[in-house]
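Peer 1: Residue numbers (the working numbering): 1074 to 2024. We put the CB at the ideal spot given by N, CA and C, even for glycine. Below is the structure I would like to discuss, written out as structure tokens.
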Amino acid sequence: MSMAPPGLSAGRRIQGGQTDKHGGTGRLQSLISFSQQLQAAISTSFDDRGTNRLLAEIEDHISYATRALSSSRRETLPCQAQLEEHGTDLWNRCIHQRRSEPGDVPQTRRRLALHATTLAFLMLAVHHKAAQAKTQDTNRMLRVGIKAGRHCLDGGEFALADTMVKYAADYIARLRDLQKENSKDNKDIQEYHRLEAEYAGLRIVLSWKREQLEIAEFVYMNIGPLLKSLDVELSERLAEALFEVGSGLLSLSDLPLASKWLDRALEAIDLQPLDQLSREGIELRIAITQAVVQSHIKTNTPESLAKADALIQYLEDEIGERPVVLLMRLELILKSPDEAVDQEAYGSVLKRMGRAFVGSEKNCQLILHHVKRLANANHYLASAVLDEFLVSRLAGEVGKHPLAEKATITRIYITIRSPCLEEAAEDLAALFDQLRGQGFILGPDAAMAGQSLMWHVVDKTSAEKKLELAETWCRLCLHEIFRNTGPSNAAKIARKMMACSLTRNDTNRVKDIFQEMQDTTRNEPETRYLLYKTALQIDDQDLAQECLEYIGNGNNDQLLYACATDAGNHGKKLCALRALKKLVMKYDLQTSGLNIQTLLRCTVRLNVVLLKEGGRPDGHPGMIDDLCETYENAAAYIQQAPVDSKGNKVFTIEELDWFCKNAYNTVLQHMFAWTTGYSLRLLGACLIILSRYPDDLPQQDVQELSLKTAFCHFLGASLRLVAARVEDDVERQLQHYLEARKHINSYDNILQSGQISQMGEEATQDLNAKLVTLFVFDFEAAITLKSYDDLGQIVRRSRGYGDLAAYQAMGDALLGAKLPGNVLTATMRVVVNEIWKLEQFDMAKMAKYTRCMFQAALPLGEDAALGIVDHCVETFARQQGQGGLGYPNVELQWMAAVSFNHGLDLYGVGEVQMCRSWAERALNLAELVQDGGAMRQELHGKWSLLSWEKE
1074 MSMAPPGLSA GRRIQGGQTD KHGGTGRLQS LISFSQQLQA AISTSFDDRG
1124 TNRLLAEIED HISYATRALS SSRRETLPCQ AQLEEHGTDL WNRCIHQRRS
1174 EPGDVPQTRR RLALHATTLA FLMLAVHHKA AQAKTQDTNR MLRVGIKAGR
1224 HCLDGGEFAL ADTMVKYAAD YIARLRDLQK ENSKDNKDIQ EYHRLEAEYA
1274 GLRIVLSWKR EQLEIAEFVY MNIGPLLKSL DVELSERLAE ALFEVGSGLL
1324 SLSDLPLASK WLDRALEAID LQPLDQLSRE GIELRIAITQ AVVQSHIKTN
1374 TPESLAKADA LIQYLEDEIG ERPVVLLMRL ELILKSPDEA VDQEAYGSVL
1424 KRMGRAFVGS EKNCQLILHH VKRLANANHY LASAVLDEFL VSRLAGEVGK
1474 HPLAEKATIT RIYITIRSPC LEEAAEDLAA LFDQLRGQGF ILGPDAAMAG
1524 QSLMWHVVDK TSAEKKLELA ETWCRLCLHE IFRNTGPSNA AKIARKMMAC
1574 SLTRNDTNRV KDIFQEMQDT TRNEPETRYL LYKTALQIDD QDLAQECLEY
1624 IGNGNNDQLL YACATDAGNH GKKLCALRAL KKLVMKYDLQ TSGLNIQTLL
1674 RCTVRLNVVL LKEGGRPDGH PGMIDDLCET YENAAAYIQQ APVDSKGNKV
1724 FTIEELDWFC KNAYNTVLQH MFAWTTGYSL RLLGACLIIL SRYPDDLPQQ
1774 DVQELSLKTA FCHFLGASLR LVAARVEDDV ERQLQHYLEA RKHINSYDNI
1824 LQSGQISQMG EEATQDLNAK LVTLFVFDFE AAITLKSYDD LGQIVRRSRG
1874 YGDLAAYQAM GDALLGAKLP GNVLTATMRV VVNEIWKLEQ FDMAKMAKYT
1924 RCMFQAALPL GEDAALGIVD HCVETFARQQ GQGGLGYPNV ELQWMAAVSF
1974 NHGLDLYGVG EVQMCRSWAE RALNLAELVQ DGGAMRQELH GKWSLLSWEK
2024 E
């Protein structure tokens, strides 16, 4: 919230020129009252508007005081004592406020303070005029005026400073008159000269600031006789004023005038013995000398440069090798063109600057800047200078670690630009050892920066095939002082060393570097890749495989591809195959930039080549397994139907044809040499591929694909049956049979669908023959899987193909299996009936089949065997009714005898009822025998001898 200056409007104002009956006493009283209020307002914060209003009031009172001072009247004022008192209070308040305020106060507040200071001086001046003060009071007023003028000058209020100088000039003139009246008082004379010198310094600077250099020149010429009479303090003050003018002119490049005023400043301060100057005076003298030297150097004439050299030497002899003196020497040396610079002198100065170094970052940066500049002309000298500076002044001292880091990086920067990198590397290694011996280690950021610089050399020398030199610089990068860069950087550098040694065919060195690495980085894929290449060179298959495992665990497909390529280039086909296999297993359709179909084809071809080179008809199991796995992977990728960045299918029809054809042909080629498991895996992959063809193919292509699919199912079913028959594990055997039935069903469906109906007669017969064979396999599988309900259906499905051998095989399967009696009887009836039809009702053969069925059924249960006997009787009766040939007597006699004897066996064990059933069947059969009833009579007689009381 803005504030108006408090109470400043309370005093009664009198317009300019207005006086009351007391001759202006009212206006003076207003001034006194305002000054009292102003003391409080000086330390109060106002906004800009309030401050400006207050400034306007101060200026109004300054104008009044100025008019009062310009009046020729001299009279005692009624409020004279108050004027002095409050003027002094206001002055003291202003001085206190100036000392207590920070340096960054707003400009408006600074102006307010300077105007208040001016008003305080003018109040005292008005009192001084009215009091008709004498020498001591005039001296006091002159001192106050000079001080106020200096404040105004420093604050940029040149108009106020002009006012102060004007009244100071009046006081100087008054003092001069007083000195004439009392010239015997040496004390007053010395004070007068003192004040006159201070006034002159103020007037000279003000004139310079206001671009009135002729006035400054006039003032200086008038104080010439006083210079030798000044004490140390005044000489320093006057020299400071003259220096301000000279340095200002120097910044404007007005060299003649700058040299004149700087020489005057140096002359003023040189009037005093060096040992009597204050500390500030000594610093001022050095600054003046430096400015004079700069002026001479910028003048750049032989005479001026000689003067500069003489001044520097004089100053060096006088105060020693202080940094400022050495800087002057540097400036003088560097005034020459670059090609003409005295490098030895340049280096000597830099060495002395390093020895005189006091720990300032700015000074350190200066030295490093010049060292780099020297390095452009003389790398060796610059390195020597920097080494001494680092070792003696930075690395071993507390608190200078950041500076030592900067210097070390600069040293590396200089070294990598050396024309002789071999020698430079040796020197740098020696320096690193020295630094480490002092306990110096670079921080993480600095260490990273240093390694980055040296890495440029490694890259450059590697590209130029200077491999040993590249390794040398790599070892430098791994020096102990860089340990804060962490293991990842160290691993990168070590791998570079391995690569260089590998290129030089130094495989032992590669292994040594690998063993020196940390465990965490030793097994990184990038590291293992280099060791993998080494293993290829020395033909160490085990090491190559070990490395490939680590590489495969990473996420870099390009490394695996490189492994395959390198192995191929070295003729290591097995290693190449392993790498390709890893690559295929890890392939990501979304992120990998490699061509998966090409990878898969290369893997297949390489695997086939290795199988051929193996020289074994059954192949190498591991390689066969790899081949099968590759086809399975291909099928899996094909199932995903991947597309490229343009939306096109990755696996085109041509690609599908290639994988399908080669997988199928491989099965045909090796089906009898390989175990069935491999062939089944290839057929499974082939069937998956066949299922991924597009639906919109031409009819001819569809028929061809259907035929291929049918053949795959036929082979699959056949191989499953082969595997099942030799399998000892029951669960696996059943699984084989189950899969076989699936293949058979798929084959049947293809034929029934009509997709391959347009084949020729011979081809159709072949397909049907295969189907019948599959029905036999299906029959066998259903028996083993106990799918008894399917047996009759399988027999009936075979009916239309008229293959007697198939039914005979089914019958053999029934007889060779341990089936429930009812299943055996029912199924065998169906089989026998079908055979009977195909045999054109040949009763002799039919009788043989019936005997076989009876023999097989008899141990299985009574009902099954009785059913066959009944079937025999029924068949005989049916055949007789149709006028065909009768059942062979021999077969009837045999079956009747066996039935009767079996009944007797049952009778012996107390199975009377079952005995009766078998005896009745036997009599029925005997009745059919064409022997005039002899056999039936014989059996009936025996039957009558049995006792049926047990019943």
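#1: Determine the burial state of residue 1387: buried for a count of at least 16 other Cβ atoms within 10 Å of its Cβ, exposed for fewer.
#2: Name the residue from 1979, 1966, 1984, 2015 whose alpha carbon lies nearest to the alpha carbon of residue 2005.
#3: Taking residue 1518 as the reference, which of 1291, 1377, 1478 has the closest Cα?
#4: Let me know if residue 1920 comes out buried or exposed under the rule of 16 or more other beta-carbons within 10 Å of its beta-carbon.
#5: Count the other C-beta atoms from every protein chain shown that fall within 10 angstroms of the C-beta of residue 1493, then say buried if there are 16 or more, exposed otherwise.
#6: Going straight from the alpha carbon of residue 1319 to that of residue 1330, what length do you get?
#7: Since residue 1717 and residue 1723 should fall inside the 8 Å C-beta cutoff, what is the C-beta to C-beta distance between them, to a whole number of angstroms?
#8: Would you call the segment 1868 to 1879 and the segment 1895 to 1908 in contact, with 3 or more CB pairs under 8 Å?
#9: Inspect the beta-carbon positions of residue 1796 and residue 1820 and report whether they are closer than 8 Å.
#10: Out of curiosity, what's the CA-to-CA distance linking residue 1651 and residue 1769?
#11: In chain order, what residues of the same chain have a beta carbon less than 7 Å from the beta carbon of residue 1299, not counting five sequence neighbours either side?
#12: Which of the three DSSP states, helix, strand or coil, is assigned to residue 1904?
#13: For residue 1806, which residues of its own chain have a beta-carbon under 6 Å away from its beta-carbon, when the five flanking residues on both sides are left out?
#14: Using only the alpha-carbon positions, how far apart do residue 1802 and residue 1811 sit?
#15: For residue 1722, does the three-state DSSP call read helix, strand or coil?
#16: Suppose you measure from the CA of residue 1311 to the CA of residue 1379; what does that come to, to the nearest Å?
#17: Can you check whether the CB of residue 1193 is closer than 8 Å to the CB of residue 1222?
#18: Determine the direct distance from the alpha carbon of residue 1646 to that of residue 1640, and round the result to whole angstroms.
#19: By alpha-carbon positions, which one of 1305, 1322, 1200 ends up nearest to residue 1353?
#20: Please check the pair residue 1431 and residue 1402, which I expect to be a contact at CB under 8 Å, by giving their CB distance rounded to whole angstroms.
#21: From residue 1083 to residue 1137, what does the alpha carbon distance come to, in whole angstroms?
#22: Residue 2002 by DSSP, collapsed to three states: which one?
#23: Residue 1817 and residue 1774: beta carbons closer than 8 Å?
#24: Measuring only the C-alpha atoms, how far is residue 1532 from residue 1571?
#25: Roughly how many angstroms lie between the CA atoms of residue 1470 and residue 1280, to the nearest whole one?
#26: Quick check: residue 1273 and residue 1296, are their CB atoms within less than 8 Å of each other?
#27: Are residue 1785 and residue 1753 touching if we call contact CB-CB under 8 Å?
#28: Hey, out of 1623, 1427, 1926, 1416, whose CA is closest to residue 1395's CA?
#29: If I follow the unbroken alpha helix (DSSP H) through residue 1506, where does it start and stop?
#30: Taking DSSP's pairing of strands, which residues face residue 1716 in a bridge?
#31: Buried or exposed: where does residue 1862 fall if 16 or more other Cβ atoms within 10 Å of its Cβ makes it buried?
#32: I need the DSSP call for residue 1823, collapsed to helix, strand or coil.
#33: Output needed for residue 1555: all residues of its chain with C-beta closer than 7 Å, excluding positions within five of it in sequence on either side, in chain order.
#34: Give the secondary structure of residue 1858 by DSSP, where H, G and I count as helix, E and B as strand, and everything else as coil.
#35: Is residue 1892 helix, strand or coil when you go by DSSP?
#36: Would residue 1890 and residue 1856 qualify as a contact pair, given that the criterion is a beta-carbon distance under 8 Å?
Peer 2: If we stick to the structure as given:
#1: Residue 1387 counts as exposed, since fewer than 16 other beta carbons sit within 10 angstroms of its beta carbon.
#2: The shortest Cα separation from residue 2005 among 1979, 1966, 1984, 2015 belongs to 1966.
#3: Distance check between residue 1518 and each of 1291, 1377, 1478 places 1478 closest, using alpha-carbon atoms only.
#4: Flag for residue 1920 reads buried.
#5: Residue 1493 counts as exposed, since fewer than 16 other beta carbons sit within 10 angstroms of its beta carbon.
#6: Computed Cα separation, rounded: 7 Å.
#7: Their Cβ separation, rounded to whole angstroms, is 6 Å, which keeps residue 1717 and residue 1723 in contact under 8 Å.
#8: Segments in contact, yes.
#9: It is not a contact, given that the beta carbons lie outside the stated cut-off.
#10: So the alpha carbons of these two residues sit roughly 38 Å apart.
#11: The answer, listed in chain order, is 1266, 1269, 1270.
#12: Residue 1904: helix per DSSP, three-state reduction.
#13: Around residue 1806: 1797, 1800.
#14: Between residue 1802 and residue 1811, the alpha-carbon positions lie close to 14 Å from each other.
#15: If DSSP states are grouped into helix, strand and coil, residue 1722 belongs with the strands.
#16: Computed Cα separation, rounded: 27 Å.
#17: Contact flag unset, no.
#18: For the pair residue 1640 and residue 1646, the Cα-to-Cα distance works out to about 7 Å.
#19: For residue 1353, the nearest C-alpha among the options comes from 1305.
#20: About 17 Å separates the two Cβ atoms, so there is no contact after all.
#21: Low per-residue confidence applies at residue 1083: pLDDT is 32, beneath 50, and the placement is therefore not dependable enough to give any value.
#22: Under the three-state reduction of DSSP output, residue 2002 falls in the coil class, being neither helix nor strand.
#23: Residue 1774 sits away from residue 1817, with the two beta carbons spaced by 8 Å or more.
#24: Looking at the two C-alpha atoms, the distance is approximately 14 Å.
#25: Each residue's Cα considered, the two are about 50 Å apart.
#26: Yes, the Cβ-Cβ distance between residue 1273 and residue 1296 is below 8 Å.
#27: Result no, Cβ atoms of residue 1785 and residue 1753 do not sit closer than 8 Å.
#28: It is 1427 whose Cα lies nearest to the Cα of residue 1395.
#29: Secondary structure note for residue 1506: its alpha helix (DSSP H) is the uninterrupted segment 1494 to 1510.
#30: BP columns for residue 1716 point to 1722.
#31: Result: exposed.
#32: Looking at residue 1823 - three-state DSSP - the assignment turns out to be helix.
#33: 1515, 1520, 1523, 1524.
#34: Note: residue 1858 maps to coil in three-state DSSP.
#35: DSSP places residue 1892 in coil when its eight states are reduced to three.
#36: Yes, these two residues count as a Cβ contact at 8 Å.
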